[in-house]
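One rule links them: number in this note's numbering = place in the sequence shown (from 1) + 6. No residue lacks a Cβ here, since even glycine has one placed at the ideal position from N, Cα and C. Worksheet for the structure shown next.
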Amino acid sequence: MNNQSPKPFIIPLFIPNMGCPHRCVFCNQTSITGQEHTRLSVQQVQETTSRFLGFKGYHRGRVEVAFYGGTFLGLPKPYQQSLLDEAQGFVEKGQVDSIRFSTRPDTITSDVLKALTPYTVGVVEVGAQSMDDTVLSLSRRGHTAEDTRNAVKLLKDHGLRIGLQIMPGLPGDTTGSILETGRTVAELKPDFVRIYPTVVVKNTVLEKWYGSSRFKPLSLADAVELTKRLYLLFEARAISVIRMGLQASGSLLEPGAVVAGPFHPAFGHLVHSAIFLDLAARELEMQKTLSKRIILRVRPREIPKVKGLSNHNIKQLIQRFDLKELRVVPDPTVRENTVRVENSLT
Ligand code: SF4
């Protein structure tokens, strides 16, 4: 709910699992990104970037070329530089503002960042996943929370914007470790975070562990509740949460691609709705008198969040407060993230 500058227009280029020293137990980037394990060629960088620039239309925000789905700084140097050279060509021509990529925390060193100086890299997204060393070890991440702390410090020293990704519900996670990860990440003051509750994806170690009952994912309800608490924690510290829940890409939606876990195509909406349910309930509780027929006034674009998916929130509130009717009315005079109660229906 932070006020953000216009979202950048991101041109995504996928390097599925490339540059990774091994496979983390939950990861199958072919399913997650919908891209086959083929080596991204320089020609594809050129073609995809040109194609996306054609879709840009009147977008007024920044344009960024992004290398996602693998460990960018783990790529062999000549290959990494060939991709950067190609992307930088678009920057030089004024068609793209900057380059961004995702990488593991343990690939970030001062020397590696110095080698990026000739390129207009603006944002580095770091897969922290957890700040609990036991959870990291059980997930076979091969790095520690300290690696993430060091990575953030180095990126800040080099003036780069930082995104941190976390995955609540990894092996060994508890409510306590998940919230502690949130607090520790917030203390690192990244520019933004992504929250991806762990789901069991086909063809992963986690799928085997799930099959043998060695791993139990979070339920959807628990994942929404914990993500809500993390979201509010980051929001209170003015850290943008730019994504909650995996993108419902074509391949993840294929039957059997997600074996178990809190995957929902509208996960972020579920979290926002849960926040508004709390807000509305708090407002209703604060009323000195409550009639049986209530109007909730909210900003027009916040109506779906107040109602919840399939009117879930309305039903909950009617039941909880023993109402006969609850109407949600758009009202541009109401402040953002606020619900105004009108007790006047007869
Ligand atoms: S989670 Fe990241 S580092 Fe681990 S295998 Fe997947 S892409 Fe590679």
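Proximity of the beta carbon of T113 to ligand 1 is not indicated: no heavy atom of the ligand is located closer than 6 Å. Between F78 and F107, the C-beta gap is smaller than 7 Å, which places the two residues in contact.
Between the alpha carbons of Y237 and V199 lies a distance of about 9 Å. Selection A242, T126 and T187 evaluated against G100 yields T126 as nearest (Cα-Cα). Runs of alpha helix (DSSP H) with 4 or more residues, each lying fully within the region 18-103, are found at 35-39, 48-61 and 83-98, listed in chain order.
In the three-state reduction of the DSSP assignment, E291 falls in the helix class, which pools H, G and I. P12 is classed as exposed because its beta carbon has fewer than 16 other beta carbons within 10 Å across all chains shown.
Judged by DSSP secondary structure, E213 falls within the alpha helix (DSSP H) whose first and last residues are V211 to G217. Using a Cβ distance threshold of 7 Å, R333 and I301 count as a contacting pair. The beta carbons of G262 and K208 sit closer together than 7 Å. In the DSSP assignment, R167 falls within the unbroken beta strand (DSSP E) covering R167 to I172.
Each residue's CA atom was taken as its position, placing G314 and P306 some 14 Å apart. Inclusion of L226 and P268 in the CB contact set at 7 Å is warranted, their separation being smaller than that value. With a threshold of 16 other beta carbon atoms within 10 Å, G217 falls short and is exposed. Taking one beta carbon from each stretch, the region 109-117 and the region 75-89 have 3 or more pairs nearer than 8 Å; the two touch. Here V207 is bridged, per DSSP, to V264.
When DSSP assignments are scanned along the region 272-339, the uninterrupted stretches of beta strand (DSSP E) that are 3 or more residues long and fall wholly within it turn out to be 299-304 and 331-336. Taking all protein chains in view, the Cβ of T36 is crowded by 16 or more other Cβ atoms within 10 Å, so the residue is classified as buried. In the three-state reduction of the DSSP assignment, R155 falls in the helix class. Of the candidates K62, V31 and V340, the residue whose Cα lies closest to the Cα of V304 is V340. Residue pairing for T109: DSSP places it in a beta bridge opposite V132. With a cutoff of 7 Å on beta-carbon distance, V141 and S183 are scored as near each other. Here the alpha carbons of R235 and V71 stand approximately 32 Å from one another. A direct Cα-Cα distance of roughly 22 Å separates K162 from Q87. Distance from the CA atom of D91 to the CA atom of V51, rounded to whole angstroms, is 10 Å.
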